[in-house]
Amino acid sequence: GNTPDREALIVADGTSIDEPIPGAPGPVTHGIPVVGASFADGAALAAPGSTAYVQVLPAETRSDYNVIAELPGKNTENVVMAGAHLDSVIEGPGINDNGSGSAALLETALKMAELTPQNTIRFGWWAAEEQGLVGSADYVNGLSAAERDRIALYMNYDMVGSPNYIFMVYDADESTFEAPVPVPAGSEAIEDVYESYYTKVGELYEDTEFSGRSDYEAFILAGIPSSGLFTGAEVIKTEEQEAIWGGTAGEQFDPCYHEACDTIANNSMHALEVNSDLIAFAMLTFAYSTESVNG
Ligand code: PHE
Ligand code: ZN
Ligand code: ZN
Ligand code: ZN
């Protein structure tokens, strides 16, 4: 009865079914992604004498949308950009990840719309970050060289109101962490704006690895100076961090990271308040001048 109606793979011969292909999405059997199976399942399927097979389900394709908003400045040849991802994981509503960054950026855009800035400002709300930074990568890779050159800098906001927060700035100057890809010159000047703001309002901050784990990745690969803010995801707060920022040592910065409980209750209003102000401050600063970044 179990005759597959499309390509299937007999694995009863016990050959190597447990070797993942680098970069493949999930468990693989003989190079074919197995939907809903694990390597343990694969081992059972491969038992001598087994007549089990793996049915390869059709891939799904769907459309998704970046939302881009631009306010022309007096100088339309110099664009200051900020972005936040609009999607969440399917497991939950994604209020801290990343309603927080999206909302802070929206509020900044609404306020900035009352001004005529010196530089042109552009906001990006990215699609499908959780599927592998898809929206932002598609955006950057779709720009012509001339369009890329007009972007003076990019600021990224992904998780800026974590309930058990600490304040972190992407370590663009690599003073604490070596970045896995070359960081464009000028990025450190964006980090400086964030750090001097925190100092001015009496908040402490830490560097966080410029790791490529969010939408700025395509921008730095394209040579566009970047930095951003982060209040923590799955990492556990230390005693030292509790002493500085309060909250609870031994718990994740965001205990509901990628879970159903990432609801409207899953935010620190204080972190969101401070960072929303900073997001606006940084945009206003660079809307006036990007000289510290681009010379
Ligand atoms: N990009 C991660 C997410 O959306 C969050 C994250 C940002 C993790 C920055 C580490 C560093 O789930
Ligand atoms: Zn996420
Ligand atoms: Zn995120
Ligand atoms: Zn640094």
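Read in the working numbering, the sequence shown has 1255 at position 239, and its numbers run on one by one without any break.
Glycine included, every Cβ here is placed at the ideal spot set by N, Cα and C.
Nearest to residue i by CA position, among the options, is which residue?
| i | options | result |
| --- | --- | --- |
| PHE1226 | ASN1135, VAL1217, VAL1209 and SER1203 | SER1203 |
| LEU1245 | ASN1094, LEU1121, PRO1088 and GLU1107 | LEU1121 |
| SER1079 | ALA1265, SER1191, ASP1270 and ALA1143 | ALA1143 |
| ILE1260 | TYR1221, LYS1127, SER1284 and TYR1232 | TYR1221 |
| THR1132 | VAL1156, GLU1255, TYR1232 and GLU1086 | GLU1086 |
My understanding is that residue i touches residue j, with C-beta atoms under 8 angstroms, so please give their C-beta distance in whole angstroms.
| i | j | result |
| --- | --- | --- |
| TYR1170 | SER1242 | 4 angstroms |
| VAL1176 | ASN1135 | About 23 angstroms; that fails the 8 angstroms criterion. |
| SER1178 | ASP1270 | 4 angstroms |
| THR1247 | ILE1206 | That belief does not hold up - the Cβ atoms of THR1247 and ILE1206 are roughly 17 angstroms apart, past 8 angstroms. |
| ASP1223 | PHE1193 | 7 angstroms |
Taking just the CA atoms, how far does residue j sit from residue i?
| i | j | result |
| --- | --- | --- |
| ASP1187 | ASN1082 | 26 angstroms |
| PRO1198 | ASP1208 | 18 angstroms |
| HIS1101 | ASP1113 | 8 angstroms |
| THR1092 | TYR1304 | 13 angstroms |
| PHE1235 | GLY1262 | 34 angstroms |
| GLY1042 | MET1184 | Reliability fails at GLY1042, whose pLDDT of 44 lies under 50, so the model's placement of it is uncertain and the value that follows must be treated cautiously. Rounded to the nearest angstrom, the two C-alpha atoms are 31 angstroms apart. |
| VAL1217 | GLN1147 | 36 angstroms |
| ALA1162 | GLU1145 | 25 angstroms |
| LEU1300 | ALA1249 | 28 angstroms |
| LYS1127 | ALA1153 | 27 angstroms |
Under 9 angstroms between the Cβ atoms of residue i and residue j?
| i | j | result |
| --- | --- | --- |
| ILE1252 | GLN1268 | yes |
| TYR1213 | ALA1125 | no |
| SER1116 | LEU1294 | no |
| HIS1274 | GLY1108 | yes |
| TRP1141 | SER1118 | yes |
| GLU1130 | SER1292 | no |
| ILE1137 | GLY1099 | no |
| PRO1200 | GLY1228 | no |
field: Residues near ligand 2, criterion Cβ-heavy atom distance below 6 angstroms
entry: VAL1105, ASP1113, GLU1146 and HIS1274
message: Tell me which residues pass a beta-carbon proximity test against ligand 4: closer than 5 angstroms to any heavy atom, given in chain order.
response: ASP1187, ASP1189, SER1191 and ASP1223
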